[in-house]
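Numbering (my numbering), first residue to last: 317 to 608.
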């Protein structure tokens, strides 16, 4: 199943004791890169969320964020950073005594100091809160997975259409290729006839040279491999799991084959068809960068 690596999902809970909002987004990445942002008080949920993401997705840069707003003191208490407070008080005393600056530090001023007080992490998440954390996390990840699947279906259709476009050009190339050895042979014989008027031409050596150039012009192997790659791509588009890396490899191989065909192209029609295929392969390689 083709899945995109781009998507977004969210889920919320509003209750009497607290509210929760989980959001998750993903973009292209060669591997699975996970970033989890949860409030300090819910630090114990970070590894759980990370594990759930790893179980659902194989590739992509995924950012999961959780907002928590408690409405009861039972779920939120603050810790005082005593060393930091003492340092500020001592610094204030030094300023007054050494520089004669008047004034006193009060509670309102001290509460503005960053990290002076901070939420105390819950050593154990209450069952009611854990249940809702599970719900919003799963809901957001499910929404992301659905969006990636929907986008993946569109990608699959686009990739299939481009593969069919490539396949439609192959009969023309094959017809041109079939006539190419004869055209090369005739061209070389005509040149050899012209040369023989002024030079002595060895018939055996001439036949060897003709055979050499005809073999070099043969693209039957490249066309066979190209058709094989097309068949493998179609199979992968219906396969389960992540197929992006394997498709990217096949598209690279297809590009290599078409470049070889272009290098051997002996007619305008053959080169035109090969260029059209090359353009489609380049678009395939762009699109597959978003496939998981």
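Think of the CB as a built atom: it goes at the ideal place given N, C-alpha and C, for glycine as much as any other residue.
Could you tell me the alpha carbon to alpha carbon distance between residue 598 and residue 536, rounded to whole angstroms? Those two C-alpha atoms are separated by around 22 Å.
Does residue 377 come out as helix, strand or coil in the three-state DSSP assignment? Note: residue 377 maps to strand in three-state DSSP.
Roughly how far, in whole angstroms, is the beta-carbon of residue 319 from the beta-carbon of residue 493, given that I think they are within contact range, below 8 Å? Actually they do not touch by this definition, with Cβ atoms about 38 Å apart.
Contact the stretch 328 to 337 vs the stretch 405 to 425: 3+ CB pairs below 8 Å: Contact between the stretch 328 to 337 and the stretch 405 to 425 is absent, with fewer than three C-beta pairs closer than 8 Å.
By DSSP's criteria, residue 462 is part of a beta bridge. Which residues make up the other side? Answer by DSSP bridge pairing: none, since residue 462 is not bridged.
For residue 362, which residues in the same chain have their Cβ closer than 7 Å to its Cβ, ignoring the five residues on either side in sequence? Correct list, in chain order: 352, 354.
First through last residue of the beta strand (DSSP E) which encompasses residue 339: Residue 339 -> beta strand (DSSP E) spans 334 to 343.
On the three-state DSSP scale, how would you describe residue 467? Note: residue 467 maps to helix in three-state DSSP.
According to the neighbour-count rule (16 or more other Cβ atoms, all chains shown, within 10 Å of its Cβ), is residue 557 buried or exposed? Residue 557 is exposed by the Cβ-count criterion.
Under three-state DSSP, which class holds residue 560? In this structure, residue 560 counts as helix in the three-state DSSP scheme.
Rounded separation between residue 416 and residue 397 - CA only: Annotation: residue 416 to residue 397 spans about 28 Å, alpha carbon to alpha carbon.
Rounded distance between the beta-carbons of residue 448 and residue 358, thought under 8 Å: Not really, about 11 Å apart at Cβ, beyond 8 Å.
The beta strand (DSSP E) that contains residue 433, what's its start and end? Bounds of the beta strand (DSSP E) holding residue 433 are 433 to 435.
Rounded distance between the beta-carbons of residue 565 and residue 600, thought under 8 Å: Their Cβ separation, rounded to whole angstroms, is 12 Å, which puts residue 600 and residue 565 out of contact at 8 Å.
In DSSP terms, what residue 348 is bridged to: According to DSSP, residue 348 bridges with 376.
Per DSSP, which residues does residue 483 bridge with? Please list them. The partner list for residue 483 (beta bridge, DSSP) is empty, contrary to what the question assumes.
I think residue 321 touches residue 376, with their Cβ atoms under 8 Å apart; what is that distance to the nearest whole Å? Between residue 321 and residue 376 the beta-carbon gap is near 4 Å, inside 8 Å, which marks them as a contact.
Looking only at DSSP bridge pairs, what is residue 320 linked to? When beta bridges are read from the DSSP output, residue 320 appears opposite 607.
Test item: CB-CB of residue 596 and residue 488 under 8 Å: Result no, Cβ atoms of residue 596 and residue 488 do not sit closer than 8 Å.
Taking the Cβ atom as the reference point for each residue, do residue 404 and residue 426 lie within a distance shorter than 8 Å? Their beta carbons are under 8 Å apart, which means residue 404 touches residue 426 by this criterion.
Considering only the beta carbon of each residue, do residue 360 and residue 442 sit closer than 8 Å? Taking the C-beta atoms as reference points, residue 442 is found no nearer than 8 Å to residue 360.
Below 8 Å on the Cβ atoms is my guess for residue 583 versus residue 496; work out the distance and round it to an integer in Å. Indeed they touch by this definition, with Cβ atoms about 7 Å apart.
Based on DSSP bridge pairs, tell me the residues matched to residue 386. 334.
Assign residue 365 to buried or exposed, taking buried as 16 or more other Cβ atoms, counted over all protein chains shown, within 10 Å of its Cβ. That one is buried.
Can you tell which of 373, 338, 334 has its C-alpha closest to the C-alpha of residue 346? When each option's Cα is compared against that of residue 346, the closest is 373.
In three-state terms, what does DSSP make of residue 326? Look at residue 326 here: in three-state DSSP terms it is strand.
Tell me where the beta strand (DSSP E) around residue 401 begins and ends. Taken as a continuous stretch (DSSP letters only), residue 401 belongs to no beta strand (DSSP E), being part of the alpha helix (DSSP H) at 398 to 415.
Assuming residue 546 contacts residue 324 under a Cβ cut-off of 8 Å, what Cβ separation, rounded to an integer in Å, is found between them? Taking C-beta atoms under 8 Å as the contact rule, residue 546 and residue 324 fail to qualify, at a distance of about 34 Å.
Which two residues bound the contiguous alpha helix (DSSP H) that contains residue 542? DSSP places residue 542 inside the alpha helix (DSSP H), whose first and last residues are 536 to 552.
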